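Numbering (my numbering), first residue to last: 353 to 573.
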Ligand SMILES: NC(=O)c1ccc[n+]([C@@H]2O[C@H](COP(=O)([O-])OP(=O)(O)OC[C@H]3O[C@@H](n4cnc5c(N)ncnc54)[C@H](OP(=O)(O)O)[C@@H]3O)[C@@H](O)[C@H]2O)c1
């Protein structure tokens, strides 16, 4: 697949690096061409650096690896070239939780539905929410199976082909895609992320709050 990545930070490195190694054509677009070139060089496997606009033009799939605060500006620049493309939103609108006890790092969301806002801004793009729950270091790691269960990527999107593309990209990172419904549900994925990451930062094993499926009594009465 031709993948354009907007941003040259931790998520661009983790996901772009994995996809390039899996044989995808990756172009990194950043406002600093030097940063884009440096990341592409460190990723290797034919990845190359470009401008933000050129990376967006290149990708059949475009990953927005940006802070939420940059989305308006960047989508204003590239929105016109995203029509008909799969746009992966991995963003988290985290803010420090001002109400957290002193010394405890916790987060709240600065807005409730970033993916829905992106879709409203670029209505002709096929926006898919994915890869926002775990840290970049996790996506970059070689560890994929924990307690006999392959690490999963919940995916929310309205366009079936775009969701399938993102599922394939998850599988190419040796992750387990989980179809998690339409884009209207992406806000729950965003809430899941801030809640879960908050537990992790507080030192709790968030994984321990979930029983395995077989013990979850997930049957309608
Ligand atoms: N890191 C994680 O563990 C993780 C996990 C899940 C989700 N996420 C989410 O993924 C997104 C990217 O995170 P990240 O960790 O990759 O961030 P990062 O390492 O800080 O990289 C952000 C990238 O965005 C660029 N950028 C910032 N403002 C910009 C603007 N106004 N216009 C153009 N480019 C701009 C930065 O360029 P400059 O260097 O020029 O500023 C940098 O290349 C965020 O929304 C984050 O919440 C991160």
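Don't be surprised by glycine CBs; every beta carbon is placed ideally from N, CA and C.
Small disclaimer: the values here were computed from a predicted structure and weren't measured.
Look at the beta carbons and you see the region 444-451 not touching the region 405-417: under three pairs across the two are nearer than 8 Å. Here DSSP, grouped into helix, strand and coil, assigns residue 469 to helix. By the C-beta criterion, the region 423-431 is judged not to be in contact with the region 493-513, since fewer than 3 inter-stretch pairs fall below 8 Å. Taken in chain order, the complete alpha helix (DSSP H) segments of 4 residues or longer contained in the region 438-513 are 466-473, 488-492.
For the 8 Å CB-CB criterion, residue 388 and residue 381 form a contact. When DSSP states are grouped into helix, strand and coil, residue 434 belongs to the coil group. Of the residues 355, 359, 357, 367, the one whose Cα lies closest to the Cα of residue 489 is 367. Note on geometry: alpha-carbon atoms of residue 353 and residue 371 lie some 9 Å from one another. Below 8 Å, too few C-beta pairs join the region 525-539 and the region 425-434 to call them touching: fewer than three. The closest CA to that of residue 487, considering only 545, 520, 497, is found on 545.
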